[in-house]
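Visitor: Using my numbering, you'd call the opening residue of the sequence shown number 1 and step up by one each time.
Don't be surprised by glycine CBs; every beta carbon is placed ideally from N, CA and C.
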Amino acid sequence: MNKEHGSLSINSENIFPIIKKWLYSDHDIFIRELISNGSDAITKLKKLELMGEATLPDDNKFRIDVIVNPEEKTLKFIDNGVGMTADEVKEYINQIAFSGATDFLNKYKDKANEDQIIGHFGLGFYSAFMVADKVTIDTLSWQEGAESVHWESEGGTEFTMTQGTRDTRGTEITLYLNEESYEFSNEYRAKEVINKYCSFMPVEIYFKNANAPEEFEESVETTDPEENAADDNIIDAEVKEDGTAVDKKVPKQPEPINNTTPLWMKHPNDCTEEEYKEFYRNVFHDYKEPLFWIHLNMDYPFNLKGILYFPKINTEYDSLEGTIKLYCNQVFIADNIKEVIPEFLMLLKGTIDCPDLPLNVSRSALQNDGFVKKISDYITKKVADKLSGMYKLEKESYENFWDDISPFIKFGCLKDDKFREKMKDFIIFKNLEGKYITLPEYVKASEKADTDETAEENAAQDKAEDTSSKEKSEEASDKKEDEEKHVIYYVTNEQQQSQYINMFKEEGIDALILTHNIDQPFITQLEQHERSYRFQRIDADITDSFKEDNDEEGLKAQHDKLSELFRKVLNNDKLEVKVMKLKNDKVSSMITLSEEGRRMQEMMKMYNMYGMN
Ligand code: ADP
Ligand code: MG
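Okay, here's the thing in structure tokens:
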């Protein structure tokens, strides 16, 4: 092959500053891109073999090698995949990529202000120039009689192509790092990045530091020479007179640094509980056991696999923070990509692998993608199905988990209408007795208590007088609007509100325990959607249930006195003060708060905390 020299296509000198600028915070992404290219090259060859087009040697083992050289400040990525012919290099490296990059430039040049526009999604081979002044490719195609090719480019705007020397199938990419990027030739830094992006790549990745001395195992002593002889690892074994063998030097058998079969790729029926827990520990470094998990496994109409874990959480709001790791063909893309994953799901911990995601587009395009929306709806549905299934079939576990999962469910209801619609019948509440009940159950119980009481009263009244019932029914129709709503009493702090709780218990009135910050916006939303409910904290205006009848006249003097006092103390002469006598004579006095005013305040606090709007 003759030496070729050429100029790379238009505008390329404009591209690199832009790539560098936009990918700035994600410089390490080149490692993912180059390893994925190696993995793609291997996948292609596997396919060719399956189709009978390529024949591979019996002992063929696919692998990717990454070699750092901290002294020379280089990084090598070697694969034994398809390789490229000279024509392919011209087509795939010289032209397509550059025109791709040009397209990219045209698309985004006006959007320089949009932060991190492509962020995590990378640019393929050319991302190498973010960190390297010079990049070389040495490649030999799998095809019979192929000649090896050497390609190199400094700065990425011009290239040279010559006959190469590579004599084994595959591709070797060498990066001569620029000064700002020397860190990537450091063994630990490079490993860290590989672990971040490639822990679950489908091809084995071997890592080596070219400057480090060969690693050796501790010398091993065995008494069975047979066993030693059978061990491939042992070289230079010495057999002592008594027949025991001492291995002098045993080079460590290199191990791949990744796991090529992550649990989410297995069929759920083939995964054990221990495997799920171990995977959770390894990936999320959370040593508290997850409560339960959902294994997503879908081939049609799109390909999506993953595992979502419900972590054990505290009831404090700020500890509600999960991680959803997004993968594309077992290659890590990023954590918590809000364009793909419904926001409330990010309170969970999990992995989602979706090879069909259009990840080579900008994030803003992702956000408007109908397909992405479908994926996100599917995940939401699966989560709702799991939860409702548990409510129906494993009520006890559901109740046991409720305190942990309810903030998540409530947040989901607030954020996602479809989720709320699916979950609304499976929301339970803890009551004063510590039992879990639904709202209809609460209403039914309180109506029963009511009718029991009214029945008693009626019986008594019937005897006394018969005439006042007509008057009463007129009065009632005025209040009808309000009375149609079922009032649900609730407690936000069992200690602070204990006095009220006792009063409620004495009167045989139930209340729900709603201590989480999310409960305030949640019940407000609930009232909007289910208009027959009105929530009222037990220290709010609770007069209806506790007031002694016909007492207002007698309290006039006290009312005037107290009004004056409170108006003065609170410096508000418009303050409305109500004075009434309570049925319960153990309570000397109580302060009540307006439900609306208090709830507004708490909601504002909550919105500020969580940026909900
Ligand atoms: P993409 O991977 O999205 O196609 P890249 O810029 O990463 O874009 O790579 C461009 C093309 O160059 C690939 O599609 C492939 O044809 C070729 N290529 C890159 N790296 C390799 C490799 N290690 N082995 C074989 N071909 C490669
Ligand atoms: Mg690529």
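Do I294 and K382 have their C-beta atoms closer together than 9 Å?
Guide: Residue 294 sits at position 294 when you count from the first residue of the sequence shown. Residue 382 sits at position 382 when you count from the first residue of the sequence shown. In contact: I294 and K382 (Cβ atoms closer than 9 Å).
Visitor: Going straight from the alpha carbon of L326 to that of K90, what length do you get?
Guide: Taking the first residue of the sequence shown as 1, we reach residue 326 at position 326. Taking the first residue of the sequence shown as 1, we reach residue 90 at position 90. About 33 Å.
Visitor: Would you report the Cα separation of K494 and L439, rounded to the nearest angstrom?
Guide: In the sequence shown, counting from the first residue as 1, residue 494 sits at position 494. In the sequence shown, counting from the first residue as 1, residue 439 sits at position 439. Rather than Lys, the amino acid found at residue 494 in this sequence is Glu. When rounded, the distance between both Cα atoms is 20 Å.
Visitor: Ligand 1 and I93: does the residue's C-beta get closer than 8 Å to at least one heavy atom of that ligand?
Guide: In the sequence shown, counting from the first residue as 1, residue 93 sits at position 93. I93 Cβ: within cutoff of ligand 1.
Visitor: Can you give me the Cβ contacts of L175 inside the same chain, cut-off strictly under 7 Å, excluding the 5 residues immediately before and after it?
Guide: Counted from its first residue, the sequence shown places residue 175 at position 175. Closer than 7 Å at the Cβ level, and outside the excluded window around L175, lie T74, L75, A128, V131, A132 and V135.
Visitor: Quick check on DSSP: helix, strand or coil for L56?
Guide: Residue 56 sits at position 56 when you count from the first residue of the sequence shown. Coil.
Visitor: Specify, as a first and last residue, the run of the beta strand (DSSP E) that N431 falls within.
Guide: As a position in the sequence shown, residue 431 is number 431, starting the count at 1. Taken as a continuous stretch (DSSP letters only), the beta strand (DSSP E) holding N431 covers F429 to N431.
Visitor: Take every Cβ of the region 494-512, pair it with every Cβ of the region 388-398, and state whether three or more of those distances are shorter than 8 Å.
Guide: No: fewer than three Cβ pairs fall under 8 Å.
Visitor: Which runs of the beta strand (DSSP E), 3 residues or longer, sit entirely within the region 495-579?
Guide: Qualifying beta strand (DSSP E) stretches, in chain order: 533-537.
Visitor: Report all residues from its chain with a CB closer than 8 Å to the CB of I513; omit the five preceding and five following residues, and keep chain order.
Guide: Indexing the sequence shown from 1 puts residue 513 at position 513. For I513, where only same-chain residues beyond five positions count, the Cβ hits under 8 Å are F429, K430, N431, L432, Y490, V491 and E494.
Visitor: Note the first and the last residue of the continuous alpha helix (DSSP H) segment covering S153.
Guide: Translated into the one-based positions of the sequence shown, residue 153 becomes position 153. From DSSP, S153 is part of no alpha helix (DSSP H) but of the beta strand (DSSP E) over V149 to E154.
Visitor: Please return the same chain residues whose Cβ sits closer than 7 Å to the Cβ of M390, not counting the five positions on each side in sequence.
Guide: Along the sequence shown, read from residue 1 onward, the residue named residue 390 stands at position 390. Excluding positions up to five away in sequence, the list reads S397 and Y398.
Visitor: Taking just the CA atoms, how far does F184 sit from A190?
Guide: Mapped onto the sequence shown, residue 190 falls at position 190. Mapped onto the sequence shown, residue 184 falls at position 184. So the two alpha carbons sit approximately 5 Å from each other.
Visitor: Residues with a Cβ closer than 5 Å to any heavy atom of ligand 2, in chain order?
Guide: Having a Cβ closer than 5 Å to some heavy atom of ligand 2 are N37 and G124.
Visitor: Is A41 near ligand 1, judged by its Cβ being under 8 Å from some heavy atom?
Guide: One-based indexing of the sequence shown puts residue 41 at position 41. Yes, ligand 1 has a heavy atom inside 8 Å of this Cβ.
Visitor: Please state if the CB of T160 and the CB of W151 are separated by a distance shorter than 9 Å.
Guide: What you label residue 151 is simply residue 151 of the sequence shown in a count that begins at 1. What you label residue 160 is simply residue 160 of the sequence shown in a count that begins at 1. The answer is yes: Cβ separation under 9 Å.
Visitor: Among all the DSSP beta bridges, which residues are the ones paired with I173?
Guide: For this step, residue 173 is matched to residue 173 along the sequence shown. The partner list for I173 (beta bridge, DSSP) reads F77 and I137.
Visitor: Go through its chain and collect everything with a Cβ distance to D478's Cβ below 6 Å, but skip five positions before and after it.
Guide: For the purposes of this step, residue 478 is taken as the residue at position 478 of the sequence shown. In this predicted model, D478 has a pLDDT of only 48, less than 50, meaning its place in the structure is not dependable; the value taken from the coordinates is given anyway. Same-chain partners within the cutoff: there are none.
Visitor: Between E421 and P262, what straight-line distance do the alpha-carbon atoms span, to the nearest angstrom?
Guide: Counted from its first residue, the sequence shown places residue 421 at position 421. Counted from its first residue, the sequence shown places residue 262 at position 262. In a straight line, the C-alpha of E421 is about 34 Å away from that of P262.
Visitor: From the DSSP output, in three-state form, read off A212 for me.
Guide: Numbered from 1 along the sequence shown, position 212 holds the residue referred to as residue 212. Coil.
Visitor: Along the chain, where does the alpha helix (DSSP H) that runs through T438 open and close?
Guide: As a first step, residue 438 must be located in the sequence shown, where it is residue number 438. T438 -> no alpha helix (DSSP H), and no H or E assigned at all.
Visitor: Check whether the Cβ of F371 lies closer than 8 Å to any heavy atom of ligand 1, and answer yes or no.
Guide: Position 371 of the sequence shown, counted from the first residue, corresponds to residue 371. Answer for F371: no, Cβ out of range of ligand 1.
Visitor: Restricting to Cα atoms, I'd like to know which of S199, Q496 and S532 is closest to P488.
Guide: Counted from its first residue, the sequence shown places residue 488 at position 488. Checking the sequence shown, residue 488 turns out to be Ile, not Pro. Looking at the Cα atoms, S532 is the closest of the given residues.
Visitor: To the nearest angstrom, how far is it from the Cα of G38 to the Cα of I31?
Guide: Residue mapping note: residue 38 aligns to position 38 of the sequence shown, counting from 1. Residue mapping note: residue 31 aligns to position 31 of the sequence shown, counting from 1. The alpha-carbon atoms of G38 and I31 are separated by roughly 11 Å.
Visitor: By the DSSP assignment, the beta strand (DSSP E) with D335 in it spans what residues?
Guide: What you label residue 335 is simply residue 335 of the sequence shown in a count that begins at 1. D335 -> beta strand (DSSP E) spans V331 to D335.
Visitor: Can you tell me the Cβ-Cβ gap for F566 and V579, rounded? I've got them flagged as a contact below 8 Å.
Guide: Your numbering for residue 566 matches position 566 in the sequence shown. Your numbering for residue 579 matches position 579 in the sequence shown. Contact doesn't hold; Cβ gap of about 10 Å is too wide.
Visitor: Within 10 Å of its beta-carbon, does N233 have 16 or more other beta-carbons around it, so buried, or fewer, so exposed?
Guide: Reading the sequence shown from its first residue, position 233 is the one you call residue 233. Because N233 sits at a pLDDT of 48, beneath the cut-off of 50, its placement in the model cannot be relied upon, and the point is left open.
Visitor: Helix or strand or just coil, what does DSSP make of D478?
Guide: What you label residue 478 is simply residue 478 of the sequence shown in a count that begins at 1. Residue confidence is low: D478 scores 48 on pLDDT, short of 50, so the model does not pin down where it sits. No coordinate-derived value is stated.
Visitor: Among P355, K415, P358 and V340, which has the Cα closest to the Cα of Y378?
Guide: If you number the sequence shown from 1, residue 378 lands on position 378. If we check each option's Cα against that of Y378, V340 comes out closest.
Visitor: Can you give me the Cβ contacts of Y276 inside the same chain, cut-off strictly under 6 Å, excluding the 5 residues immediately before and after it?
Guide: Position 276 of the sequence shown, counted from the start, is the residue given in the question as residue 276. For Y276, where only same-chain residues beyond five positions count, the Cβ hits under 6 Å are W293.
Visitor: In the DSSP output, what is K305 paired with across the bridge?
Guide: Counting from 1 along the sequence shown, the entry for residue 305 is found at position 305. N297 and D353.
Visitor: L308 and K349 - do their beta-carbons sit closer together than 9 Å?
Guide: Numbered from 1 along the sequence shown, position 349 holds the residue referred to as residue 349. Numbered from 1 along the sequence shown, position 308 holds the residue referred to as residue 308. Their beta carbons are under 9 Å apart, which means K349 touches L308 by this criterion.
Visitor: Quick one: grab the DSSP three-state call for T43.
Guide: Counting from 1 along the sequence shown, the entry for residue 43 is found at position 43. Helix at T43.
Visitor: Would A54 pass as a contact of G83 if the rule is Cβ separation under 9 Å?
Guide: Residue numbering aside, residue 54 sits at position 54 when the sequence shown is read from its first letter. Residue numbering aside, residue 83 sits at position 83 when the sequence shown is read from its first letter. For A54 and G83, no; Cβs fall outside 9 Å.
Visitor: How about G170: is its Cβ closer than 8 Å to a heavy atom in ligand 1?
Guide: Against the sequence shown, residue 170 aligns to sequence position 170. The answer is yes for G170.
Visitor: Can you tell me whether K605 is buried or exposed, with buried defined as 16 or more other CB within 10 angstroms of its CB?
Guide: Working through the sequence shown from its first residue, we reach residue 605 at position 605. The residue in question, K605, is exposed, as its Cβ has fewer than 16 Cβ neighbours within 10 Å.
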